[in-house]
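Going by my numbering, the sequence shown opens with residue 8, and the numbers climb by one from there. Note that CB positions come from ideal geometry on N, CA and C, so glycine has one too. Since the structure is predicted, the reported quantities are computational estimates derived from the model, not experimental observations.
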Amino acid sequence: MSAERTGGRWVICRYIVKNGRTIYPKNGKCFRFWVDDTKKRK
8 MSAERTGGRW VICRYIVKNG RTIYPKNGKC FRFWVDDTKK RK
């Protein structure tokens, strides 16, 4: 994992709620995904 990456951040969470269902990771303790800073919340 490179620390050189800019324009976003890593989001780490233990579970994801999608369509009212809770999804847990199968092969680890948490999910990790990259979120760009260009996508801002309204």
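DSSP state of residue 27, grouped into three classes? coil
State the DSSP-derived secondary structure class of residue 21, mapped to helix, strand or coil. coil
Between the CA atoms of residue 35 and residue 28 - distance to the nearest angstrom: 19 Å
Just to confirm before moving on: does the CB-CB distance between residue 24 and residue 40 stay below 8 Å? no
Kindly indicate the opening and closing residues of the beta strand (DSSP E) around residue 43. 38-43
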